[in-house]
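Protein chains in written order, with our numbering: chain A, 1 to 304; chain B, 1 to 507; chain C, 1 to 361.
Right under this line is the structure:
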């Protein structure tokens, strides 16, 4: 075992990369949940995004088009959930689970011919000047553009929720859908848009795994990332700022255990691989969740 | 006579199985305070939802200032100058006062400007509000102010108020009336929905009475007395409940310094609640919703256990006992919320009978349900309390409010309780059913049970109680004999209005 | 324009008809998918749904239906209690794995002792206890800390999978296995083998346990106070508390019951059809059982039928894979579709469709 082989700068740098897919998926789910929709299909939308993004990127040679395709794919799948829960009034928990099972099957089917194929490279974006700062430069400013895009989306969501009228309406719909309806806001339309945004973000998160982090396509490659994203939304008490903290915390655990594996610590690999999941449980237990949106997971039917 | 502000002609709206409005026509003049009277289910809500753009009529027309008016959504109605203060369902607990107000406006000013706007309107109409507070932390009266201010900021021509006083103390009602009269004097018409006839007599200049969806009368409430309006509304002569004179029995229910923390963020803690109720006695507890009523019922029913010594039933400490252990001993409860608390909406009446009566009525043997017994008991309740339903196999949700209330109250009464605690026993119930329920409670007391009636309806409490006390912010006042208590006395017991000192209406 | 109108009571007709409609719709939708994959949809559907029962090799496939269906039914019956009560254990896959590990652990610890009367029952108990204990983790965390049981039970699936790998590669590796991963073969060890009770019938102890579970669940749900409380807790939690149901006890009972049944299912599988603890021991029964539970309308008899149907798709899917070259993923997609269509048509049970003309505004 050689712990000195772990380079703290590289470790912190890869933390941001490891956190990005979770962060993307979680910010989408956060918006959906603030609108009162509990979509447990994040895992299914992520893996669909992973495979669609990969296919598009391989066939066009453009990772950017791949990400766009992943967002569209994730959003399209989420709309199935949207129609079922918002128009056919199905149970959100069951429908979300169905979405995950369906997404896992769909991605396996779509990705059949792409196993072992290499993804087009997605170069890092060396932020001019800033990336030359010692220590901080390599940790923060030498990543691929999606790392920063993820953070921009979080910032955008924060501004949207807290500073815009549309964001206020979305929060109102999530807090009390009957009241929002009585005031004349369209609960369904607001929720469908939130669901689609959640799907698009989950798709981006999945594509980040298949195009940047791994980067290739394997069946079931999300390995619970979507569920961890759901956990981080609870951890964050539905607040975007804390979401970043949660995702980076999780990224840290993941990267640390991978480094320990590489360093040959005398603990079997399997036990190290458990740690991200155990850490997620621990975080859920220790952080008592804040107050969830008032109408979260409830079926809305405008009677009379 | 001036030209009417809003004119309704032949409005009809049918839902499957029921005609909510049939050929409804009347006019509202500018600046007029117009009462819309009727029992629950008479079609008042459907009518105001039509005016507010939430419901489209099957036929009939409306005109506003002479022009055709058919709002397709509330935003359009608001643009035309209609504003509405809802009875429920229109505030967002987790949002601030300012955010709640902004949500009710179509082109709101900037967040900074809204604070000064709120301050201006509050000052003008005597409705003090802090824009930064979270709505869930406000009292019922303050919450209503949020709604009213939200409406007033849009300079409405017509303000619809749906049962506005049901959540207010008598002093708060006075302040509200002053505000409404001032608005009326400035030319805002008010459509005032209520079934409290005294208030309508004091406030309104015209009244339209609805019964079973139809206009049965229009009158001037200042000339037509409350008694006559009641008969127009109900369509029959009502009988006041009869009470036999009851001898003083032994103390059955004894609460000693009952205290409990608030069960959730927007709940109320109970503080040193002390009371005794004797056999054969009805104790009325008045108070505005959200002052600890739910918590008190939960502590008594056993849903919220407290220290053993805090509650004694016939001398036995039972504060720690569970729900069914208390039922075994004869302490039964009827909570406020019918659907979802007192009854499971999607279950049959047979199953709902078993909900509370399993132990006392022997509906289970060695853990196995005896459904025939449950069914027989459900049938007994249906027959004894005149519950209108095809049979015990129907779901609770399929019953009307009044019928379901008769069922859940009847279910407790037929279990022959020694102590019965009911919360809002006639809330949202038609007059005939309400009278039947009150009579049943009094008869139960005549048979020697101790009864606690918690209600926001002071008239009801005066009618049934022997003694009266008030629950304010989780504290219970000392009790006073109900007979001879004036509205003013009751108002003082209820602690008056919140922020009375600031609530001066700038006249 | 179509509007939904809530029925005063759920329709009994549609409660039974909607799963059938869902199956029919799934056949249509999956037929389109098969056509898109360049297969003859009629042939594929016939292969999946009819060949396992009616083809000339049906004598071989029919026992397979029992073998695949038993764990699905056993797990789904357990889950149905929780799903009815609003307790969402979706980590049955993990509890299934832990049941197998614990049960196999007993057998491997006592190997090569010959005492079937003692060892096999001990294994069943250990398996059920293993699943129960694994399910109690999310249950206790929920009761004690209010932690979301959906997320915790699911996280524990991934933990259990890692533990399974660690066992197959480490503590439980067959010492006589020439270094290959995987434990001794329990099906070849007479004291632990869960073999067919009637040779070649597929009827092993797991099938018996599944049938007992179905009957037990049926009686409890329709006749016992606990079953009444389970239904009450799910439909109206506040009313349940008013009826004297303790939410904490309900959560623990439902988690424990579903965990124990999933654990037992894992044990029967590892001691029989699978034979050994190996890295790829679990094949997703714990997740498919969720579909089975919903497709069976959370009703024990319905679950029995749904379990059989789902077993059919596994076997038929296998046939279609080998004889028609259908990708295996197409089958999991079909299973997902089945749940989707069921949730979609379920609206008819609680709501009535009304067609109305657009109002002339």
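Each residue gets a CB set at the ideal place from its N, CA and C atoms; glycine is no exception.
Can you name the start and end residues of the beta strand (DSSP E) that residue 415/B belongs to? Taken as a continuous stretch (DSSP letters only), residue 415/B belongs to no beta strand (DSSP E), as it is neither H nor E.
Does the ligand FMN have a heavy atom nearer than 7 Å to the CB of residue 345/C? This structure lacks the ligand FMN, and indeed carries no ligand of any kind.
Decide yes or no for the touch test of the stretch 371-387 of chain B against the stretch 412-426 of chain B: beta carbon pairs closer than 8 Å, at least 3 of them. yes
Using DSSP with H/G/I as helix, E/B as strand and the rest coil, what is residue 113/A? helix
Could you pull the start and end residues of the beta strand (DSSP E) that residue 287/A belongs to? First-last for residue 287/A: undefined, no H or E at that position.
Answer yes or no: does any C-beta atom of chain B fall closer than 8 Å to that of residue 213/A? no
For residue 269/B, which of helix, strand or coil comes out of DSSP? coil
Backbone secondary structure at residue 96/B - three-state DSSP: strand
Based on the DSSP secondary-structure assignment, which residues constitute the bridge partners of residue 192/B? 35/B, 161/B
Quick test of your reading: residue 250/C and residue 85/C, contact by CB under 8 Å. State the CB separation rounded to the nearest angstrom. 6 Å
Name the one or two DSSP bridge partners that residue 282/B has. 451/B
How about residue 166/B: is its C-beta nearer than 8 Å to some C-beta of chain A? no
Partner residues on chain A for residue 94/B, Cβ-Cβ distance less than 7 Å: 175, 291, 294
Measure the C-alpha to C-alpha separation of residue 499/B and residue 142/B and round it to an integer number of angstroms. Note that residue 499/B scores a pLDDT of 42, beneath 50, so its modelled location is shaky and nothing firm can be said.
Using CA coordinates, which residue listed in 16/A, 286/A, 176/A is at the minimum distance from residue 139/A? 16/A
When you compare the CB of residue 169/A with every CB in chain B, is at least one pair closer than 8 Å? yes
Under 9 Å (Cβ pairs) to chain B, residues found in the stretch 226-257 of chain C: 226, 227, 228, 231, 232, 235, 236, 237, 238, 239, 240, 241, 242, 243, 244, 245, 246
Which residues DSSP lists as bridging residue 276/B, in chain order: 254/B
Measuring CB atoms only, is the stretch 357-369 of chain B touching the stretch 445-455 of chain B, in the sense that at least three cross pairs come out at less than 8 Å? no
Given that residue 183/A touches chain B, what residues does it touch there, using C-beta distances under 8 Å? 74, 90, 103, 104
Same chain only: Cβ atoms within 7 Å of residue 192/C, ignoring 5 sequence neighbours per side: 107, 119, 120, 123, 186, 271
Any chain C beta carbon closer than 8 Å to residue 369/B: yes
Is residue 97/C helix, strand or coil by DSSP? helix
Simplified DSSP assignment, three categories, for residue 201/A: helix
Any C-beta of chain A sitting closer than 8 Å to the C-beta of residue 19/C? no
Work out the CA separation of residue 49/B and residue 19/B for me, nearest whole Å. 15 Å
Give a yes or no on whether the C-beta atoms belonging to residue 85/B and residue 160/B are separated by under 8 Å. yes
Mind listing which residues of the stretch 74-88 of chain C have their C-beta closer than 7 Å to chain A's C-betas, in chain order? 88
Using a Cβ-Cβ distance under 8 Å, would residue 32/A count as near chain C? no
Length of the line joining the Cα atoms of residue 47/A and residue 262/C: 27 Å
For residue 10/A, name the three-state secondary structure that DSSP assigns. helix
Using a C-beta cutoff of 8 Å, does residue 327/C count as contacting chain A? yes
Per-residue contacts from residue 143/A into chain C (C-beta, under 8 Å): Chain C residues near residue 143/A: none, gap ~27 Å exceeds 8 Å.
Can you say whether residue 290/C is buried or exposed, counting buried as having 16 or more other CB atoms within 10 angstroms of its CB? buried
Taking Cβ-Cβ distances shorter than 8 Å, what residues in chain C pair up with residue 273/A? 162
Counting along the chain, where does the alpha helix (DSSP H) carrying residue 322/C start and finish? 300-324
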